[in-house]
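Everything below concerns the one structure shown next.
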Amino acid sequence: DDEGDLDMDTYITAYRELSKFFEDLGSLFGFINSDVKNKLDILEEYRQSPDTGDNYETLNTMIQYEKQTGIIANEKKPSGSRTLLRLHRALEFVASLFKAVSTANDDASVGKLAQECYDQTLAKHHPWLVRKGASIAMLTLPKIQELFAKALPEEKLNLRALVTSVSEEAYKVYKFTQSVYEQNNILDLP
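The opening residue of the sequence shown carries number 1 in the UniProt record's numbering; numbering runs sequentially from there.
Following this line, the structure appears as structure tokens:
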């Protein structure tokens, strides 16, 4: 936003919209979407708390509040900072995939593109079994033209422009969040 911070309500709303795109794309994205929705619900619960919700208005206020209160280190209940870190990692994959899709031919395999993007982003955060399961699920993804027809049936024109725009915005949010987490030395929350 204008003050150089990330508004949590906007982040949650935008991520929910993004997840709608993936709902119809098969088991891999259904599995990911379920996890994303759970994490968004956790953030929303923190944000809507009558006692502490104001501390979760922006990314920076959330991190400072959780560091000061020790919530960030609580391993019994996922902190907002830890929860957002997981979404942040997934956002890098989404931005990378959308960028790849926006520049590929219509007959390119989304599965192959997704695998390359996954290997460069999320794979480093997942154990072997999850990586193997993701690889198998990605084999079922369609060609780009089928993906667009399935996920965005009402969008006949400017699909590439839309996907490019989403990728660019996702990268901006990713880079900002990465910077804040680096400055606070919390990129490795358990």
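Note that CB positions come from ideal geometry on N, CA and C, so glycine has one too.
Query, Result
"Measure the alpha-carbon distance for residue 185 versus residue 81 and round it to whole angstroms.", "12 Å"
"Tell me the rounded alpha-carbon separation between residue 101 and residue 137.", "18 Å"
"Taking 8 Å as the cut-off, does the region 158–178 touch the region 65–75 (at least 3 CB pairs, one atom from each stretch)?", "no"
"Give me the Cα-Cα distance between residue 43 and residue 150, rounded to the nearest whole angstrom.", "30 Å"
"Just to confirm my understanding: we take residue 2, look at its own chain, exclude 5 residues before and 5 after, and list those with CB closer than 7 Å. What are they?", "Caution applies to residue 2, whose pLDDT of 47 falls short of 50 and renders its modelled position unreliable; the value that the coordinates give is listed next. None."
"Would you call residue 161 buried or exposed, if buried means 16 or more other Cβ atoms sit within 10 Å of its Cβ?", "exposed"
"Just tell me which of 126, 166, 83, 189 has its CA closest to the CA of residue 38.", "83"
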